[in-house]
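K.L.:
Here's a structure for you.
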Amino acid sequence: MIDFNRPAFVGKELIYIQDAIEKGMLCGDGSYTKKCSGLMEDKFDARHVMLTTSCTHALEMAAYLCDIKPGDEVIMPSYTFVSTA
Numbered sequence: 869m870i871d872f873n874r875p876a877f878v879g880k881e882l883i884y885i886q887d888a889i890e891k892g893m894l895c896g897d898g899s900y901t902k903k904c905s906g907l908m909e910d911k912f913d914a915r916h917v918m919l920t921t922s923c924t925h926a927l928e929m930a931a932y933l934c935d936i937k938p939g940d941e942v943i944m945p946s947y948t949f950v951s952t953a
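Each residue of the sequence shown is one higher than the last, beginning at 869 in the working numbering.
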């Protein structure tokens, strides 16, 4: 059985977590963020990858990048999570 909300450790995760804590960079542009961005840029042949802390932040960024103006139509589901509205 897979426990709900219990982290699964299958490799060196605890070592990496301890390293991030010791470096004082738990979020933002730390070394692991840079490594992950680089891996995704290579895998998806992307010029630049920007990681976000949540899907909400990613959706907000996407809306800004779409340059939505007053009067533009935005189509979305009628039933959705509040932050996507």
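Positions of the beta carbon are idealized from the N, C-alpha and C atoms, including for glycine.
Starting from the C-beta of residue 884, find all residues in its chain whose C-beta is less than 8 angstroms away, skip the five residues before and the five after it, and write them out in chain order.
P.N.:
Counting from one through the sequence shown, the residue named residue 884 turns up at place 16. Only 900 meet the Cβ criterion.
K.L.:
Work out the CA separation of residue 923 and residue 917 for me, nearest whole Å.
P.N.:
Residue mapping note: residue 917 aligns to position 49 of the sequence shown, counting from 1. Residue mapping note: residue 923 aligns to position 55 of the sequence shown, counting from 1. Each residue's Cα considered, the two are about 15 angstroms apart.
K.L.:
Roughly how far, in whole angstroms, is the beta-carbon of residue 821 from the beta-carbon of residue 882, given that I think they are within contact range, below 8 angstroms?
P.N.:
Residue numbering for the chain in the displayed model covers 869 to 953; residue 821 lies beyond these limits and cannot be assessed.
K.L.:
Can you give me the start and stop residues for the alpha helix (DSSP H) that residue 941 sits inside?
P.N.:
Walking along the sequence shown from the start, residue 941 turns up at place 73. Note, residue 941: premise wrong, no alpha helix (DSSP H); not H, not E.
K.L.:
Helix, strand or coil, according to DSSP, for residue 906 in the structure here?
P.N.:
On the sequence shown, residue 906 is found 38 positions in, with the first residue counted as 1. Helix.
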